[in-house]
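In what follows, a single structure is set out as C-alpha cells and then discussed.
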Amino acid sequence: MSGTERREQLIAIGRSLFSERGYEATAIEEIAQRALVSKPVVYEHFGGKEGLYAVVVDREMATLHKAITASLSTHKNLAPHSSRLRLERVTLALLTYVEEHSEGFRILVRDSPVAAADGTYSSLLNEAIGQVEYLLAADFARRSLDPDLAALYAQALVGVVSSSATWWLDVRRPSKEAMATHLVNLCWSGLAHLSAEPTLDPRTLEFGARGAGLAPAEERD
140 MSGTERREQL IAIGRSLFSE RGYEATAIEE IAQRALVSKP VVYEHFGGKE
190 GLYAVVVDRE MATLHKAITA SLSTHKNLAP HSSRLRLERV TLALLTYVEE
240 HSEGFRILVR DSPVAAADGT YSSLLNEAIG QVEYLLAADF ARRSLDPDLA
290 ALYAQALVGV VSSSATWWLD VRRPSKEAMA THLVNLCWSG LAHLSAEPTL
340 DPRTLEFGAR GAGLAPAEER D
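Just add 139 to the spot in the sequence shown (first one is 1) and you have the working numbering.
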C-alpha cells in the first residue's frame, strides 16, 4: 500500500472499532492487528490512538456539518420565513446522516475525550440551535409572540430531533421519511398553536410548591 492508502485503511479500521467499542475500549494493538501492520506504523501516521480518533471525529463532524448547514441555508425554492420547510429539511438531513453513516454517528454521540470543545457533536448541535433560534425569532415576531423565547424553543426542538435520532439509530423503524414526518408533526403542530401567554394549572403550581412530592430537604439529608 502507498502511504495514503495505508492511512485510509487505518482510519476505516479505527472508525469501525471506535463505533463498536468506544474510545477507551479500543486499543492500538487491535487496530494494528486488523491492518496487518505493526504498532509503530499506526504511530507513524497518527502519533497514537488520540490522533487517529481525532481524525475520525473531524471527518464525521465535517460530513454532518455540511448536511445540516445545507438543510438550513437559503434555497431558491424556500422563502426566508419558511420555518416548517427548514425544520423538515434539517430533520431529514440528520436522519439521512444516521442512516448512511451509522458508525460515525455512534462515535459522535458518545463523549469525546480528545476532540476540542468546538469540534464535537454538542458544539454542532449548539450551532444548529443558533440557526433555528434565528428562524424562530423572526417567525415569532411576525405572530406577535415574544422573540426572546426563541432560544428556549430552539433548544427544545433540536433536543427532540437529536434524541429521537439517537433512538432511531438502533430501531430503524419507521423509515427516515416517516420518522421526519412525525417529528415535524409533533414540533410544528405545537409551534403552530402556541399561546402568547401560556400558564400552568394552579394545581400544578401548588404541587410544585410542595416539592413535587419529595420529602422536605431536612428529611432528604
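Each residue gets a CB set at the ideal place from its N, CA and C atoms; glycine is no exception.
Exercise. Could you tell me whether the Cβ atoms of leucine 149 and isoleucine 170 are closer together than 8 Å?
Key: Between leucine 149 and isoleucine 170, the CB-CB gap stays under 8 Å.
Quiz item: Do methionine 318 and leucine 263 have their C-beta atoms closer together than 8 Å?
Solution: No, Cβ-Cβ distance for methionine 318 and leucine 263 is not below 8 Å.
Self-check item: Whole-angstrom distance between glycine 298 and leucine 274, CA atom to CA atom
Solution: Straight-line Cα distance between these residues: approximately 16 Å.
Practice problem: Would you identify the three-state DSSP class for methionine 140, choosing helix, strand or coil? | Solution: Secondary structure of methionine 140 (DSSP, three-state): coil.
Exercise. Below 8 Å on the Cβ atoms is my guess for leucine 333 versus leucine 284; work out the distance and round it to an integer in Å.
Key: Right, their Cβ atoms sit about 6 Å apart.
Practice problem: Consult DSSP for glycine 187 and reduce its assignment to one of helix, strand or coil. | Solution: Coil at glycine 187, not helix or strand.
Practice problem: Compute the Euclidean distance between the alpha carbons of threonine 143 and glutamate 227, then round it to the nearest angstrom. | Solution: Straight across, the Cα-Cα distance linking threonine 143 with glutamate 227 is about 39 Å.
Quiz item: Roughly how far, in whole angstroms, is the beta-carbon of tyrosine 192 from the beta-carbon of tyrosine 162, given that I think they are within contact range, below 8 Å?
Solution: Yes, tyrosine 192 and tyrosine 162 are in contact; Cβ-Cβ is about 6 Å, under 8 Å.
Self-check item: For glycine 161, the three-state DSSP class (helix, strand or coil)
Solution: Reduced to three states, the DSSP call for glycine 161 is coil.
Quiz prompt | With 16 other Cβ atoms within 10 Å as the buried cut-off, status of arginine 349 | solution = Around the beta-carbon of arginine 349, fewer than 16 other beta-carbon atoms lie within 10 Å, marking it exposed.
Quiz prompt | Inter-residue spacing [alpha-carbon to alpha-carbon] between glycine 186 and isoleucine 152 | solution = For glycine 186 and isoleucine 152, the gap between their C-alpha atoms comes out near 16 Å.
Quiz item: Got a sec? Which residues, its chain only, sit under 8 Å from proline 341 by beta carbon, not counting five neighbours each side?
Solution: Correct list: empty, nothing qualifies.
Quiz item: At what residues does the alpha helix (DSSP H) containing proline 286 begin and finish?
Solution: No alpha helix (DSSP H) holds proline 286; DSSP gives it neither H nor E.
Self-check item: Beta-carbon gap between valine 271 and alanine 293 smaller than 8 Å
Solution: Less than 8 Å divides the Cβ of valine 271 from the Cβ of alanine 293.
Quiz item: Apart from the five residues just before and just after valine 253, which ones in its own chain have a Cβ nearer than 7 Å to its Cβ?
Solution: In this prediction, valine 253 scores a pLDDT of 47, lower than 50, which makes its location untrustworthy; the coordinate-derived value is nonetheless stated afterwards. Sequence-distant partners of valine 253 (beyond 5 residues in either direction) whose C-beta falls short of 7 Å from its own C-beta, in its chain, are Glu189, Tyr192, Ala193.
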